[in-house]
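Using the numbering used here, read the sequence shown as starting at 36 and increasing by one per residue. Virtual Cβ for every residue (Gly too), placed ideally from N, Cα, C. Quantities reported herein were computed from a predicted structural model and do not represent experimental measurements. In what follows, a single structure is set out as structure tokens and then discussed.
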Amino acid sequence: MLDPVVYLTYPVPKIALLPVVMLFFGLGEFSKILMIMLILLFQVIISVRDGVKAIPENTYDVLTSIGASAAQKFWHVTMPGALSVILSTIRISLGTAISVLFFTEIYGTEHGMGFFIMDAWLRLDYAEMYAGIMLFSLVGFMLFMLVDYLDYKFMQWRY
Numbered sequence: 036m037l038d039p040v041v042y043l044t045y046p047v048p049k050i051a052l053l054p055v056v057m058l059f060f061g062l063g064e065f066s067k068i069l070m071i072m073l074i075l076l077f078q079v080i081i082s083v084r085d086g087v088k089a090i091p092e093n094t095y096d097v098l099t100s101i102g103a104s105a106a107q108k109f110w111h112v113t114m115p116g117a118l119s120v121i122l123s124t125i126r127i128s129l130g131t132a133i134s135v136l137f138f139t140e141i142y143g144t145e146h147g148m149g150f151f152i153m154d155a156w157l158r159l160d161y162a163e164m165y166a167g168i169m170l171f172s173l174v175g176f177m178l179f180m181l182v183d184y185l186d187y188k189f190m191q192w193r194y
């Protein structure tokens, strides 16, 4: 159902929408979160859709034969079947999200790690600049570890 909308809007460079988003929603945290969501939404939709399509139709037959509802089919077949793709998409999207966050923080704001890194670079304070980069890296590492934990917790059959 969403395919036509996704196919028409996916090629638009989302970062070009940053001035529009900041004009309508200001320079605060909401506009940064909105930009990250706009950019990642299409990656997630396409990957999850393809993951769900990859589940063989006959996988649902047992639940259908015992009279399972659509919600039960979703929770017992679709969600576990697509979970691997969802977690992989989250892993890939984390790097993009951190990059977008950096970009939104250097564009028109005076707060955040992106601003801190660029300000340190302009002041030739390389120690602070590298510290900010390392902090971004540490946050990314912690988020990856969280996704790995969720993978381990919810996909026990792989371990």
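Closer than 7 Å: Met164 CB and nearest the ligand ZN heavy atom:
This structure lacks the ligand ZN, and indeed carries no ligand of any kind.
Can you check the region 66 to 100 for any alpha helix (DSSP H) of at least 4 residues that lies completely inside it and give the ranges in chain order?
96 to 100
Per-residue burial, Ile74 [other beta carbons within 10 Å of its own, 16 or more giving buried]
buried
Measure the CB-CB distance between Val83 and Ala132 and report whether it falls below 8 Å.
no
Once DSSP output is grouped into helix, strand and coil, what is the label at Val182?
helix
Is it true that the CB of Ile71 sits closer than 8 Å to the CB of Phe138?
no
So Arg126 is in the alpha helix (DSSP H); what residue range does that whole segment cover?
Met114 to Ile141
I need the straight-line Cα distance from Gly149 to Arg126, nearest angstrom please.
21 Å
Check for me: the alpha helix (DSSP H) holding Phe150 runs from which residue to which?
Gly147 to Leu157
At the level of alpha carbons, what is the spacing between Gln107 and Ile80?
22 Å
Out of Phe109, Gly86 and Val47, point me to the one whose CA is closest to Tyr19's CA.
This structure gives no information on residue 19, because the portion of the chain shown stretches from 36 to 194.
Rounded to the nearest angstrom, what separates Glu140 and Met169 at their Cα positions?
16 Å
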